[in-house]
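Residue numbers (the working numbering): 158 to 822.
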């Protein structure tokens with residue numbers, strides 16, 4: 158027996174109050190003056206004695222009320238212990254339910270629940286049991302208890318999810334759950350024994366503490382599955398290729414349904430051979446301007462319906478106008494740039510050419526960015542116009558060509574021009590190549606082969622303290638420098654954009670290089686159309702401020718009225734991002750590996766079970782052993798006794814008061 162809150166025992170000091178009150182009120186105050194008592198007969202002593210007994214009983218009842226109140230608040234509990242003999246010892250059973258996607262196939266989940274109930278029903282009354290689920294993470298469904306009924310009822314809230322399971326990570330999580338357990342432990346894993354879920358090292362399946370390991374395979378060898386494995390869109394050809402795969406299957410005919418923006422636009426029949434990957438092609442997709450929702454699914458679903466469909470977002474952006482400024486619109490640099498910008502996916506830029514003097518007659522704010530092929534061609538008026546354009550948020554890419562040789566400073570940027578290099582360094586091999594490059598910069602992340610370009614001439618500039626050098630040549634000279642200007646940005650390229658000073662325009666990397674810089678200058682960097690299930694979407698990664706994110710069900714999960722700055726992607730379909738009046742779609746798909754239902758062979762499964770043979774040393778019990786059961790709270794009994802004593806005290810108190818007043822009772 159023990160107390161949960163012994164500090165309330167100080168309430169017993171209140172017992173002194175009724176003792177003091179009964180002591181000062183022990184005399185009968187009902188006295189009358191009488192002339193003489195010599196002729197009166199003595200009273201009955203029994204009656205006086207009865208009054209004294211009634212008084213003491215009332216005192217005892219009041220003291221009892223105070224004692225019971227103190228016990229009730231102190232939390233008196235009964236700590237039970239029992240004796241366990243061999244064969245009757247208490248054990249701890251941890252039941253792990255695999256809730257990965259593949260458990261949704263056919264009757265697997267029903268078999269898993271039935272197996273779990275069978276395990277619970279077979280346990281001894283003194284056994285403790287805990288229920289956890291294992292999918293993307295391991296979560297406790299029901300805490301450790303000897304109440305088997307509560308564990309069984311908790312099964313009603315568990316169901317398979319959309320994520321994969323890794324058996325190695327599962328065993329790590331189990332070790333953490335069992336670290337404080339002192340009883341002999343039996344680990345029950347109810348799963349479909351999916352081979353794809355095995356860790357890279359078999360040793361990762363071994364538990365780190367002694368336990369008995371039981372694995373229950375609820376899958377069958379003849380389970381079949383077909384899935385839409387992936388989609389690839391080629392904008393140049395306007396073709397959508399869909400990959401379909403069968404696992405443990407017979408030859409079968411399937412019909413694919415293609416939907417574009419919720420409308421069915423095509424249907425195609427395919428033949429899937431056993432365990433083969435099949436490709437189906439849909440042509441002539443008529444995409445609307447903006448983001449398009451594309452989905453492909455089987456017309457007839459199989460026993461794992463969730464992977465019979467896949468989602469894709471295809472953008473058809475409104476072509477953004479770009480202004481190319483140069484002295485000679487027919488020069489090669491203009492042709493190279495225009496070809497590079499207009500051959501990008503889905504022609505996202507519309508190029509206009511202009512001479513430097515003509516920009517006075519144009520509204521530069523209408524252009525996504527401006528390219529100056531030779532900074533030496535700018536006059537003071539054109540420089541001021543470009544400065545005002547960048548102050549209001551515009552972006553400019555400038556190249557240093559032949560016209561820069563007579564300048565001391567770079568117009569707009571203000572960098573000092575130090576030396577004019579020809580044929581690279583004097584002691585070099587005749588050309589310079591790219592050395593260091595900031596690959597973390599958004600405009601350079603997709604550039605891999607820039608070092609293949611040869612630079613025969615360049616202008617060595619001295620960057621200002623606030624400048625960021627994005628690319629340097631192998632001799633340390635800056636090649637690409639970024640400067641902030643008001644709300645806009647300026648990129649300075651210290652060589653030419655044609656073949657006069659380098660061979661970059663004829664290298665395969667030229668188009669992706671210009672594409673990356675163009676996307677960065679136009680503000681399209683950071684937009685994503687697909688995210689991984691289980692990842693997080695944040696306003697930072699999406700480049701939004703004050704926007705809202707809606708999940709595939711249409712519920713708002715971030716933004717006004719939302720919580721936090723991070724959204725866990727836990728549904729498949731299209732997430733919708735609304736910011737600044739524009740809408741961006743993000744497609745979420747299942748991990749295609751989870752569609753492979755192949756189960757591990759019997760030797761692997763048996764070897765995993767054998768890794769838990771170390772539990773025998775825990776189960777050796779000699780003679781008898783004390784086991785602790787859950788404490789039993791005594792407060793219901795104490796409160797009941799308190800109510801009874803209060804009623805008795807009230808009746809006794811009224812009776813005694815009537816006696817003192819001389820009222821007949």
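Every residue, glycine too, gets a C-beta built ideally from N, C-alpha and C.
In the pairwise beta carbon analysis, the segment 333-346 is classified as touching the segment 357-371: at least three pairs are separated by under 8 Å.
The Cβ-Cβ distance between residue 427 and residue 435 falls below 8 Å. Restricting attention to 608, 454 and 351, the CA atom closest to the CA of residue 665 is found in 608. Nearest Cα to residue 484 within the set 558, 534 and 284: 534. Straight-line spacing of the CA atoms in residue 213 and residue 174 works out to 15 Å. Proximity to residue 356 across 375, 602, 379 and 326 peaks at 326, based on C-alpha coordinates. Fully enclosed beta strand (DSSP E) runs of no fewer than 3 residues occupy 396-404, 409-417, 420-429, 434-440 and 447-455 of the segment 394-460, in order along the chain.
By the Cβ criterion, the segment 276-296 is not in contact with the segment 387-400, since fewer than three pairs of Cβ atoms, one from each stretch, lie closer than 8 Å. Segment contact: the segment 509-516 against the segment 468-483, three or more CB-CB distances shorter than 8 Å; contact assigned. The beta carbons of residue 288 and residue 269 sit no closer together than 8 Å.
In this structure residue 415 is buried. Its beta-carbon is surrounded by 16 or more other beta-carbon atoms within 10 angstroms. The Cβ atoms of residue 310 and residue 354 lie no closer than 8 Å to each other. Beta-bridge annotation (DSSP): residue 478 is paired with 507. Residue environment for residue 307: exposed (fewer than 16 other C-beta atoms within 10 angstroms of its C-beta). In this structure, the beta-carbon distance from residue 324 to residue 378 does not fall below 8 Å.
Between the C-alpha atoms of residue 806 and residue 224 there is a straight-line separation of about 14 Å. Just measuring C-alpha positions, the residue of 496, 547 and 536 sitting nearest residue 525 is 547. The three-state reading of DSSP puts residue 807 in helix, counting H, G and I together.
A distance below 8 Å separates the beta carbons of residue 412 and residue 424. Each residue's CA atom was taken as its position, placing residue 662 and residue 640 some 24 Å apart. Beta-carbon to beta-carbon, residue 575 and residue 618 are separated by about 7 Å, close enough to satisfy the 8 Å threshold. Approximately 13 Å separates the beta-carbon atoms of residue 802 and residue 216; this is outside 8 Å, ruling out the contact. Inter-segment contact for the segment 247-264 and the segment 281-295 is present: three or more beta-carbon pairs are separated by less than 8 Å. The Cβ atoms of residue 694 and residue 706 lie closer than 8 Å to each other. For residue 810, same chain residues with a beta-carbon under 7 Å away, outside a window of 5 residues either side, are 215 in chain order. Taking the C-beta atoms as reference points, residue 348 is found no nearer than 8 Å to residue 381. Taking C-beta atoms as the reference points, residue 506 and residue 477 count as a pair closer than 8 Å. Annotated three-state conformation of residue 757 is coil, per DSSP. Here residue 432 is exposed, its C-beta having fewer than 16 other C-beta atoms within 10 Å.
Annotation: residue 596 to residue 627 spans about 8 Å, alpha carbon to alpha carbon.
Taking a contact as a CB-CB distance under 8 Å, the pair residue 741 and residue 638 does not count as one, their CB atoms being some 31 Å apart.
As far as DSSP is concerned, residue 596 takes part in no beta bridge. Within its own chain, the residues whose Cβ lies closer than 6 Å to the Cβ of residue 606, once the five positions on either side in sequence are excluded, are 666, listed in chain order.
An exposed status is given to residue 359, since fewer than 16 other beta-carbon atoms sit within 10 Å of its beta-carbon. Collapsing the DSSP output to three states places residue 613 in coil. Its Cα nearest to that of residue 399, the residue 452 stands out among 452, 371, 430 and 798.
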